[in-house]
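K.L.:
The structure is given below, and queries will be raised subsequently.
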Amino acid sequence: MYDIIGDIHGHGTELELLLEKLGYSLSNGAYRHPERTAIFAGDFIDRGQEERKVINICRPMVEQGSALAVMGNHEFNAVCYATRVVGSEDDYLRSHRKPRNTTEHAAFLAEYPFESPEHQETIAWFKTLPLFLELDGIRVIHAVWHHPSLRIAKPWLDGKNCLKPDAYHAASDKDHPLYDAVEHLLKGIEMPLPAGESFQDFGGTIRTSARIKWWKDKATTLDQVAILAPPEPLKTIKLPEDRYRYQDDIPLFFGHYWFGGRPEPTSDKLACVDYSVAKPGGKLVAYRWSGESNLSADNYLWVTRKG
Ligand SMILES: [Mn+2]
Numbered sequence: 001m002y003d004i005i006g007d008i009h010g011h012g013t014e015l016e017l018l019l020e021k022l023g024y025s026l027s028n029g030a031y032r033h034p035e036r037t038a039i040f041a042g043d044f045i046d047r048g049q050e051e052r053k054v055i056n057i058c059r060p061m062v063e064q065g066s067a068l069a070v071m072g073n074h075e076f077n078a079v080c081y082a083t084r085v086v087g088s089e090d091d092y093l094r095s096h097r098k099p100r101n102t103t104e105h106a107a108f109l110a111e112y113p114f115e116s117p118e119h120q121e122t123i124a125w126f127k128t129l130p131l132f133l134e135l136d137g138i139r140v141i142h143a144v145w146h147h148p149s150l151r152i153a154k155p156w157l158d159g160k161n162c163l164k165p166d167a168y169h170a171a172s173d174k175d176h177p178l179y180d181a182v183e184h185l186l187k188g189i190e191m192p193l194p195a196g197e198s199f200q201d202f203g204g205t206i207r208t209s210a211r212i213k214w215w216k217d218k219a220t221t222l223d224q225v226a227i228l229a230p231p232e233p234l235k236t237i238k239l240p241e242d243r244y245r246y247q248d249d250i251p252l253f254f255g256h257y258w259f260g261g262r263p264e265p266t267s268d269k270l271a272c273v274d275y276s277v278a279k280p281g282g283k284l285v286a287y288r289w290s291g292e293s294n295l296s297a298d299n300y301l302w303v304t305r306k307g
């Protein structure tokens, strides 16, 4: 049975405390549990100050079989940041010329200097993380189990559902269908506004589509599901009846969405495990799954962020 652990973002101390709380202990270089397997839902890195500590805990667990893991958007970005555009000396799939791409990756690069052997080795490990896990009884993906995107991604995945080496190039090309597919699976889905409509987000950018809380399947208007958007202009926009919903019977665990408050599943079949440890007051959480087909708030366990 599985303990699904949410986005860690370089918070190694909280990870150690959570593993201990879950009953894992260190032996032969890896945390292990006598009966259970951990699953990391991605976003191991960026933001926190203990990036090495996190990798040095998670990687041996995965390599020695006491944990499974999926890729988060931060690991995908790290691979692209480290991969040169074919035929270019100084251009990367995730450009170094855009300052934001470097600043949001700075905590990781401080502990893994760019192109050092440790950096290259860690990037190589990120490439071994599958995009999703489909196990006996549950599914795990970083952002959205989006069937149309999974179908597009399929030919670009190897037998372990990891992106093949040339997939990173295709997934970094905005004109390639794999670009949107990987965006959806690892970063979330958006909903276009009706023609002519737009809104200004909290950062001041004018947008013609909104990132949505796709798990809110009973919402009827856009303001109920839009992320980081002022409600006013969106209140009158009706959600299309055929919008994406996760309607499968298999429980699905996801991270990525910076939830707050007391952890609880969003429905019988859906549970977010990202409770914002990268923010002051946030939590690193795990859902302890023991075979139930209806998820329960009682099975969450967590550690509140230190400092
Ligand atoms: Mn994420």
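Quick note: the sequence shown uses our numbering, first residue 1, plus one each step. We treat Cβ as the ideally placed atom computed from N, Cα and C, and that holds for glycine.
Below 8 Å on the Cβ atoms is my contact criterion, and I expect Leu129 with Val70 to pass it. Report the Cβ-Cβ distance as a whole number of Å.
P.N.:
For the purposes of this step, residue 129 is identified with residue 129 of the sequence shown, where counting begins at 1. For the purposes of this step, residue 70 is identified with residue 70 of the sequence shown, where counting begins at 1. Confirmed, about 6 Å.
K.L.:
Gly196 to Leu19, Cα distance in whole Å?
P.N.:
Mapped onto the sequence shown, residue 196 falls at position 196. Mapped onto the sequence shown, residue 19 falls at position 19. Their backbone Cα atoms lie some 50 Å apart in a straight line.
K.L.:
From the DSSP output, in three-state form, read off Glu50 for me.
P.N.:
In the sequence shown, the residue the question calls residue 50 occupies position 50. Of the three classes helix, strand and coil, the one that applies to Glu50 here is coil, per DSSP.
K.L.:
Measure the C-alpha to C-alpha separation of Arg32 and Val140 and round it to an integer number of angstroms.
P.N.:
Taking the sequence shown and counting its residues from 1, the one referred to as residue 32 is at position 32. Taking the sequence shown and counting its residues from 1, the one referred to as residue 140 is at position 140. If I take the Cα positions, the gap works out to 20 Å.
K.L.:
Which runs of the alpha helix (DSSP H), 4 residues or longer, sit entirely within the region 214–292?
P.N.:
Counting only runs of 4 or more, we get nothing.
K.L.:
Quickly, what does DSSP pair Trp302 with across the bridge? List them, please.
P.N.:
Taking the first residue of the sequence shown as 1, we reach residue 302 at position 302. Trp302 is bridged to Val285.
K.L.:
Give a single yes or no on whether Lys173 has its beta carbon closer than 7 Å to a heavy atom of ligand 1.
P.N.:
Taking the first residue of the sequence shown as position 1, residue 173 is located at position 173. Just to set this straight, residue 173 is Asp in the shown sequence, not Lys. No, the Cβ of Asp173 stays beyond 7 Å of every heavy atom of ligand 1.
K.L.:
What would DSSP say about Tyr111, mapped onto helix, strand or coil?
P.N.:
In the sequence shown, the residue the question calls residue 111 occupies position 111. Residue identity check: residue 111 is Glu in the sequence provided, not Tyr. Residue state, collapsed to three classes: helix.
K.L.:
Within 8 Å, do at least three Cβ pairs link the region 151–163 to the region 50–64?
P.N.:
No, they do not touch.
K.L.:
Can you tell me which of Gly282, Ser276, Leu228, Leu270 puts its alpha carbon nearest to the alpha carbon of Ala297?
P.N.:
Sequence index remark: in the sequence shown, residue 297 carries index 297 (1-based). For Ala297, the nearest C-alpha among the options comes from Leu270.
K.L.:
Taking any heavy atom of ligand 1 as the mark, which residues have a C-beta closer than 5 Å to it, listed down the chain?
P.N.:
Qualifying residues, in the order they occur: Asp43, Gly72, Asn73, His256.
K.L.:
To the nearest angstrom, report how far apart Arg207 and Leu193 are at their CA atoms.
P.N.:
Translated into the one-based positions of the sequence shown, residue 207 becomes position 207. Translated into the one-based positions of the sequence shown, residue 193 becomes position 193. Approximately 9 Å, taken between the alpha carbons.
K.L.:
Cutting at 7 Å between CB atoms, please list the residues of its own chain near Ala229, excluding the five before and the five after it.
P.N.:
As a working mapping, residue 229 is identified with position 229 in the sequence shown. The residues are Phe199, Asp201, Ala210.
K.L.:
For the region 5–17 and the region 26–40, state whether three or more C-beta atom pairs, one from each stretch, are separated by less than 8 Å.
P.N.:
With a cut-off of 8 Å, the region 26–40 and the region 5–17 count as touching, because enough Cβ pairs lie within range.
K.L.:
Give the secondary structure of Met1 by DSSP, where H, G and I count as helix, E and B as strand, and everything else as coil.
P.N.:
For the purposes of this step, residue 1 is taken as residue 1 along the sequence shown, with counting starting at 1. Note: Met1 maps to coil in three-state DSSP.
K.L.:
How is Ser25 classed by DSSP in three states: helix, strand or coil?
P.N.:
Translated into positions along the sequence shown, residue 25 becomes position 25. Three-state result, Ser25: strand.
K.L.:
Determine the direct distance from the alpha carbon of Pro34 to that of Val285, and round the result to whole angstroms.
P.N.:
Working through the sequence shown from its first residue, we reach residue 285 at position 285. Working through the sequence shown from its first residue, we reach residue 34 at position 34. Cα to Cα, Val285 sits roughly 20 Å from Pro34.
K.L.:
Please list the terminal residues of the continuous beta strand (DSSP E) segment that includes Leu68.
P.N.:
Numbered from 1 along the sequence shown, position 68 holds the residue referred to as residue 68. Its beta strand (DSSP E) spans residues 67–69.
K.L.:
For Glu104, which of helix, strand or coil comes out of DSSP?
P.N.:
Locating residue 104 in the sequence shown gives position 104, where the first residue counts as 1. In the structure shown, Glu104 sits in coil (DSSP, three-state: anything other than H, G, I, E or B).
K.L.:
Going by beta carbon distance, what residues of the same chain come within less than 6 Å of Glu134, once the five residues before and after it are set aside?
P.N.:
Residue numbering aside, residue 134 sits at position 134 when the sequence shown is read from its first letter. Here the set comprises nothing.
K.L.:
Would you give the residue range spanned by the alpha helix (DSSP H) that Val182 belongs to?
P.N.:
Here residue 182 refers to the residue found at position 182 when the sequence shown is read from its first residue. First-last of the alpha helix (DSSP H) with Val182: 177–187.
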